[in-house]
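For reference, the structure discussed in these notes is given below.
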Amino acid sequence: MNKPILNVKNLTMSFGGLKALDDVSISIEKGQIAALIGPNGAGKTTFFNCITGIYEPTKGVVEITPPGKNTQSLRGLKPNYVTERGIARTFQNIRLFHGMTVLENVMIGRHCRLSSGIIKAMLQPPSQKNEEQKAVTDSYEILEKIGLEKYVNDMAVNLPYGAQRRLEIARALATDPFLLLLDEPAAGMNPQETKELDDLILWLRDNENLTILLIEHDMKLVMSLSDWIHVVDYGKKIAEGTPEDIKANSDVIKAYLGDESDDA
Amino acid sequence: MRWINIALGVAVAGIICFFAVRELLIDPMYFFELFLGGLTRGSIYALIALGYTMVYGIIQLINFAHGEIYMIGAMTALIVASVLGMWGWNTAVIVILAFVFAIVYSCAYGFTVEKIAYKPLRNAPRLSALISAIGMSLFLQNYVMLAQTPEYLPFKSLIPDFKFWEPFAHIITSVEITIIVTTVIVMILLGILIKFTRIGKAMRATAQDKVMSALLGINVNNVISATFVVGSATAAIGGVLIACHVGQINFFIGFLAGLKAFIAAVLGGIGSIPGAVLGSLVLGISESYFTGYFYSEYEDVFAFTILVIILIFRPSGILGRHDAQKV
Amino acid sequence: MAIKNQIKQSLIIAFWFMILTFPIMVIKVNTIRHTIDFRWANLVGVGIVTFFASMTWNYFLRRNEDQKKKEMDDDIPLIHRLLQNDRFRRPFLGVVAAFFLAYPFVFPMYHTSIMISALVYVMLGLGLNIVVGLAGLLDLGYVAFYAVGAYAYALLNLHFGLSFWVVLPISALLGTFFGVMLGYPVLRLRGDYLAIVTLGFGEIIRIVLENWDSFSNGPRGIGDIPAPTFFGHQFNQENTMVYIYFIVIGLVLMTIFFVNRLENSKIGRAWIALRDDEIACQAMGIDKFKTKLTAFALGATWAAMGGVVFAAKTSYINPMSFTIWESITILCVVVIGGMGSAIGVIAGALVLILLPEYLRAVSEYRMLVFGALQVIVMVFKPDGLIKSVRKVYTFNVQEKAIHEQTNT
Ligand SMILES: Nc1ncnc2c1ncn2[C@@H]1O[C@H](COP(=O)(O)OP(=O)(O)O)[C@@H](O)[C@H]1O
Ligand SMILES: [Mg+2]
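Chains A, B and C supply the protein sequences, listed in that same order. Note that the numbering used here gives residue 211 to position 211 of the first sequence, counting from 1, and the numbers run on in steps of one. If you want the numbering used here, it's the position in the second sequence, counting the first as 1, plus 1000. If you want the numbering used here, it's the position in the third sequence, counting the first as 1, plus 2000.
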């Protein structure tokens, strides 16, 4: 059997006395759309941060096996190297570059796939010009795929909320990932936008050869999209399985009804 | 990496201890005098550093004009003391009034500066607020220079040579011991204010989380004003005391003293009040030894070097907290 | 009704300021003759000035808020809108070019000299703009690299007889080198810590220059620094000034040219991303430390070149030219002009350097005005006088569509 694309074992992350993640093991298969769910403060975002190198986990193993490559560990890698290895993410609280246009935001994603340095940037030999031109067209194409091309030269901050969330996805795609981590991509979206997001995620999996792990509170979206669901509560993993399994799982129901009644 | 740091730290500490002990054995009296000199210096730094650290803790701004507030305190004391002196008032009354006026006026200036130059910039880029602070500093310096004089003014010490202190006066003067004692008292009072009073609690809450504090009904604007006022008051006390110690002032004294105090605040961990005190003492005492045993002209170089070294090993200062930023 | 309230409020404020400024503005003690002057006229003056200042202050503050509500962030500064307009751009650039070409021949040497200073600040400002405006690193010790350049020329010329044109590239490399050396230990620090540490480095370099006599000749400084030669030819004093003027113009043009290219390149975008959001920037695969270091080192490169020109122009340097105030002035050029905006920085340098020079008539007050101006500009235009504008890319959507049709 193929190795899982992402393999996390016994991951623990403590902040002072608080264990935001406690011995969590999760593995994701290639081509899956997996979901990570749990009440607010359960440690989902912390899980993303530990994988992408923004936090250094207290304990545990984080391994990836990119398609066609060998297994490697991500522990202790800086975020930029994690991205270079092919993992891209979006942020729960949107973190776009507000001093830049939409296109430039996507071009930042291309950054680690470009080679020209400072000297080339100043002298602009043909190789640099071509690369730059290609970065522009590549980024534009990504915007077209995501459906944001009409905003191309607008400042990122001036976009409507839903479009900002999609721009985060576009920016992540620009880094050429094999694994995409989405942190509450539907938060704050209206039903129409959520529907479009649903289509987009499926399209990405099928046409871009991506594996996707998403954190989401919108249960309808999660249940319809996911192949596999992982549930965490108070930093501990309490269940995993197909959407049907999870719906029927009494621990999950308890976790949600216990302290979350306002969430859809 | 961690072990290298620790080993380096131990090695440096060992070398310092070795030299300290050697000097102590050669000339204990000189060693002790330098220590007291450093303590005095550190106390003054602490009085000014408090204002920096409190303001930074609450609005994350390097209040460049803080040094000028301290200068205005000293200047006001000088003016009040001279006027009353010429009117032939009683010395004790003059001393008290000079201190009171210095404190009141410094507070008023601190309050006003915040309202004009920082409050409108609460939501602006932080660099803009910093430039505004620098502009304020420049303005106040030139305002005092133009309205008074660019020359150094002699400052007759407000603190008499205490009779009862005479036996010790050859080791540490009355002024110096007053500085140290006053600083200790101010620190204790400030500690009480921060820990136990309503406004102190509000300050701590606001420093933690402005939005949350506002939601809980704390008037954030008032808390910020109060922070400036308290910081200005301690700076004024520092200003008057150092003027007594040095014996002269001019419009420019605030800048360098402010810079040093700011270094001390960063050294201790900016935002932390005990940190500011500790940082000031560390800086004052080590500077005193450095100038006493090595080169006095490189005093400031030494201060900055200490700062860089400490920040490299402890990026948030000695007592500063180092949180992972929440993402 | 509203106006009545405002007048009342302004009266209170005026009264407050009269009390506030009383000891310093009114009382003046003459310690020699033992007399006290009460300058009551000042009190009245303060009252009147603060009353009107308060009225206008409030008026503009309110207007600013109304405007903010109305328009979003996408208002493009007038100058950029004009420059985007082809009909306007050519004549405008033509006029500017003609002005700067004719300047040294029309105005006397004194004015040329001042303009050279201003243009050196344009260079310094554009260099610091990379560090502060684009990469968002608060550098308060920029003057250190300026000093490196100036002393490099003075000393290399003194000891080895190297000429201006030889030292210029050497000093650029020295600047880069010092930038990397200083940046390496300190760029890991958080924003404000970086500010105070760089300020420290600036001061350290100055103090060392002041005290290390055998190296730098101490506070006496170094004199007789030769002006640049033109293929070995030395001009007379007046022509030298004109010559230096054109050298600086050339350097400024070069700076604009390169900075503009950098700004719209991979590295320039990385700087801005880093400034806007360090964490997101890293998550996009950008090496934070390396990106910061390149900005810091490049900024230092330009400062050092500026230093060489400065030394060549004044022919005498001493450590007093490299105080912290110099760093602060350059920082003000960047922030007041408009962070990240090259046009803003140029405008900022010209205004901030030329204005005080020509305010010398009221020279006593110029630093006072300068300080007040900084506060006022920041309060009313926190993004600086001219905001930066990003490059606009055009796409031929139709052509693309045809292309795709033939493909399928
Ligand atoms: N940098 C940090 N410092 C301290 N506590 C943190 C930090 N990041 C997250 N936490 C804590 O970890 C817990 C999990 O948070 P998070 O992962 O954001 O939850 P969620 O599942 O809603 O995404 C919370 O209690 C949060 O307060
Ligand atoms: Mg979360």
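Just so you know, even glycine gets a beta-carbon here, dropped at the ideal spot from N, CA and C. Bear in mind that the values here come from a model prediction, so they are computed numbers and not experimental data.
Asked: Rounded C-alpha distance that separates alanine 1202/B from valine 1186/B; Found: 20 angstroms
Asked: 9 angstroms Cβ cut-off: residues of chain A touching glycine 2340/C; Found: Gly99
Asked: Contiguous alpha helix (DSSP H) assignments of at least 4 residues, all confined to the stretch 2272-2318 of chain C; Found: 2278-2283 and 2288-2314
Asked: CB of valine 1327/B within 8 angstroms of CB of isoleucine 215/A, strictly; Found: no
Asked: Under 9 angstroms from the C-beta of leucine 1153/B: neighbouring residues of chain C; Found: Val2029 and Thr2031
Asked: Backbone CA spacing between aspartate 2383/C and alanine 2342/C [nearest angstrom]; Found: 13 angstroms
Asked: Beta-carbon contacts of valine 1229/B that lie in its chain and below 7 angstroms, excluding the five residues immediately before and after; Found: Cys1107, Gly1110 and Phe1111
Asked: Beta-carbon separation (whole angstroms), leucine 179/A vs isoleucine 87/A, contact threshold 8 angstroms; Found: 5 angstroms
Asked: Residues proximal to ligand 1 by C-beta, any heavy atom closer than 5 angstroms; Found: Phe15/A, Ala20/A, Asn40/A, Gly41/A, Ala42/A, Gly43/A, Lys44/A, Thr45/A, Thr46/A, Ala1324/B and Lys1326/B
Asked: Among Ser224/A, Ile26/A, Leu96/A and Pro243/A, the one whose alpha carbon lies nearest that of isoleucine 201/A; Found: Ser224/A
Asked: 7 angstroms CB neighbourhood of phenylalanine 1162/B in its chain, flanking five on each side removed; Found: Ser1174
Asked: Touching by the beta-carbon criterion (3+ pairs, under 8 angstroms), the stretch 2279-2288 of chain C and the stretch 87-98 of chain A; Found: yes
Asked: 9 angstroms Cβ cut-off: residues of chain A touching valine 1327/B; Found: Thr45, Thr46, Phe48, Asn49, Ile54, Tyr55, Phe91, Gln92, Asn93 and Arg95
Asked: Whole-angstrom distance between phenylalanine 2289/C and arginine 2444/C, CA atom to CA atom; Found: Past the boundaries of the shown model lies residue 2444/C; chain C is included only from 2001 to 2408, so the question cannot be answered.
Asked: Cβ pair isoleucine 2247/C, isoleucine 2317/C closer than 8 angstroms; Found: no
Asked: Contact set for isoleucine 1094/B: own chain, Cβ-Cβ below 7 angstroms, skip 5 residues either direction; Found: Ala1081, Leu1084 and Gly1085
Asked: Within-8 angstroms CB hit, serine 1082/B to chain C; Found: yes
Asked: Check: glutamine 92/A C-beta below 7 angstroms from any heavy atom of ligand 2; Found: yes
Asked: CB contact check: arginine 2190/C to chain B, cutoff 8 angstroms; Found: yes
Asked: Residues, ordered as in the chain, of the stretch 2280-2292 of chain C that lie near chain A by beta-carbon distance below 8 angstroms; Found: Ala2280, Cys2281, Gln2282, Ala2283, Met2284, Gly2285, Ile2286, Asp2287 and Lys2288
Asked: Partners in chain B for leucine 2101/C, counting only beta-carbon separations shorter than 8 angstroms; Found: Near leucine 2101/C there are no residues of chain B at all, since even the closest Cβ is about 34 angstroms away, more than 8 angstroms.
Asked: Per-residue burial, phenylalanine 1313/B [other beta carbons within 10 Å of its own, 16 or more giving buried]; Found: exposed
Asked: Aspartate 183/A beta carbon near ligand 3 (any heavy atom closer than 7 angstroms); Found: As presented, the structure is devoid of ligand 3, carrying ligand 1 and ligand 2 as its sole ligands.
Asked: Of the residues Ala2135/C, Leu2156/C and Met2181/C, the one placed nearest phenylalanine 2145/C, counting alpha carbons only; Found: Met2181/C
Asked: Boundaries of the beta strand (DSSP E) in which phenylalanine 15/A is found, first to last residue; Found: 6-15
Asked: Coarse secondary structure for valine 2049/C, derived from DSSP in three states; Found: helix
Asked: Those runs of the beta strand (DSSP E) which lie wholly inside the stretch 13-59 of chain A and span at least 3 residues; Found: 18-28 and 33-37
Asked: Three-state class that DSSP yields for glutamine 1328/B in the structure shown; Found: Residue 1328/B is absent from the structure shown; chain B starts at 1001 and stops at 1327.
Asked: Tryptophan 228/A: first and last residue of the uninterrupted beta strand (DSSP E) it sits in; Found: 228-233
Asked: Minimum C-alpha distance to methionine 2378/C - residue among Glu2364/C, Arg2090/C and Gly2348/C; Found: Gly2348/C
Asked: Cα-Cα separation, alanine 34/A to isoleucine 142/A; Found: 23 angstroms
Asked: Rounded C-alpha distance that separates threonine 2406/C from arginine 2090/C; Found: Residue confidence is low: threonine 2406/C scores 42 on pLDDT, short of 50, so the model does not pin down where it sits. No coordinate-derived value is stated.
Asked: Own chain residues within Cβ distance below 7 angstroms of threonine 1206/B, not counting five before or after; Found: Ile1058, Ser1213, Ile1218, Val1220 and Val1223
Asked: Contact set between arginine 166/A and chain C, taken where Cβ atoms lie within less than 8 angstroms; Found: Going along chain C, no residue has its Cβ under 8 angstroms from arginine 166/A, so there is no contact; the nearest lies around 16 angstroms.
Asked: Between the CA atoms of valine 2186/C and valine 2421/C - distance to the nearest angstrom; Found: This structure cannot speak to residue 2421/C, because chain C is shown only from 2001 to 2408.
Asked: Reference glycine 2179/C; option with closest CA among Leu2158/C, Val2208/C, Leu2155/C and Val2148/C; Found: Val2148/C
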